[in-house]
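> Just dropping this structure here.
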Amino acid sequence: MVCTVEVSEMPKLNDPILIEGLPGIGFVANIACLHLINELKAKRFAEVVSASFQDFAVTTDAGGVRSPVSELYYYKRGDSGRDLIIWYGNTQALTTFGQYELCGKVLDIAQELGCRFVISIGGFRKEEVQPVPGLYSAATDSETLKDALDLG
Numbered sequence: 003m004v005c006t007v008e009v010s011e012m013p014k015l016n017d018p019i020l021i022e023g024l025p026g027i028g029f030v031a032n033i034a035c036l037h038l039i040n041e042l043k044a045k046r047f048a049e050v051v052s053a054s055f056q057d058f059a060v061t062t063d064a065g066g067v068r069s070p071v072s073e074l075y076y077y078k079r080g081d082s083g084r085d086l087i088i089w090y091g092n093t094q095a096l097t098t099f100g101q102y103e104l105c106g107k108v109l110d111i112a113q114e115l116g117c118r119f120v121i122s123i124g125g126f127r128k129e130e131v132q133p134v135p136g137l138y139s140a141a142t143d144s145e146t147l148k149d150a151l152d153l154g
């Protein structure tokens, strides 16, 4: 497969956190990352194109069509806090190899920008609607897991 990243700008970021927002159950990640992009007025700096993307197009308000997108945005906090890299897309790669290739390209860019921490967002389908939604977390180290559990 072929996966390329078209970078329009390589921002200088402070210890950025990558937040992934690709489609999945209930489009939870998409909605969350699109909200972050809009609220923070994050700036697009790269687009990822993959031959593994689904063959579809969406219509625009102007009546045109747009191919699948996978874009990287950044937000600089301006204070001494950590900056954000937001990965937003309306599709995922269709094959396992395509997923690895796509993620590898994005992680390469994130690492070049100094990223050492990744948050992947997703929905979790339950059989019954819960009155109080839960937060589920998985982590690669006990400190990160404790931090997530402390958030509730």
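Residue numbers (the working numbering): 3 to 154. Note that CB positions come from ideal geometry on N, CA and C, so glycine has one too.
Given a threshold of 16 other Cβ atoms within 10 Å of its Cβ, counted over all protein chains shown, does Phe47 qualify as buried or as exposed?
Walking along the sequence shown from the start, residue 47 turns up at place 45. Phe47 should be labelled buried.
> Per DSSP, which residues does Tyr102 bridge with? Please list them.
Position 100 of the sequence shown, counted from the start, is the residue given in the question as residue 102. In the DSSP output, where bridge partners are listed per residue, Tyr102 has none listed.
> Work out the CA separation of Leu42 and Asp85 for me, nearest whole Å.
The sequence position of residue 85 within the sequence shown is 83, counting from 1. The sequence position of residue 42 within the sequence shown is 40, counting from 1. Using only the alpha carbons, I get a separation of about 11 Å.
> If you follow the beta strand (DSSP E) that Cys117 is in, where does it begin and where does it stop?
Counting from 1 along the sequence shown, the entry for residue 117 is found at position 115. That residue, Cys117, is in no beta strand (DSSP E); it is neither H nor E in DSSP.
> Pull the bridge partners of Gly65 from the DSSP assignment, please.
Along the sequence shown, one-based indexing puts residue 65 at 63. BP columns for Gly65 are empty, so no partner.
> Roughly how many angstroms separate the alpha carbons of Leu24 and Glu73, rounded to a whole number?
One-based indexing of the sequence shown puts residue 24 at position 22. One-based indexing of the sequence shown puts residue 73 at position 71. Going by the C-alpha atoms only, they are around 10 Å apart.
> Tell me whether Val131 is buried or exposed, calling it buried when 16 or more other Cβ atoms sit within 10 Å of its Cβ.
Numbered from its first residue, the sequence shown carries residue 131 at position 129. Per the 10 Å Cβ criterion, exposed.
> Beta strand (DSSP E) containing Lys177: first to last residue?
Outside the displayed span of the chain (3 to 154) sits residue 177, for which this structure offers no information.
> Within 10 angstroms of the Cβ of Phe1, are there 16 or more other Cβ atoms? Answer buried if so, exposed if not.
Missing from the structure shown is residue 1; the chain here goes from 3 to 154 and no further.
> Between which two residues does the beta strand (DSSP E) holding Thr146 run?
By one-based count along the sequence shown, residue 146 stands at place 144. Run containing Thr146: none in the beta strand (DSSP E); it sits in the alpha helix (DSSP H), Ser144 to Asp152.
> Opposite Lys45 in the DSSP bridges: which residues?
Indexing the sequence shown from 1 puts residue 45 at position 43. DSSP, once it has assigned bridges, lists Tyr76 as partnering Lys45.
> Determine the burial state of Ile88: buried for a count of at least 16 other Cβ atoms within 10 Å of its Cβ, exposed for fewer.
Numbered from its first residue, the sequence shown carries residue 88 at position 86. So Ile88 ends up on the buried side.
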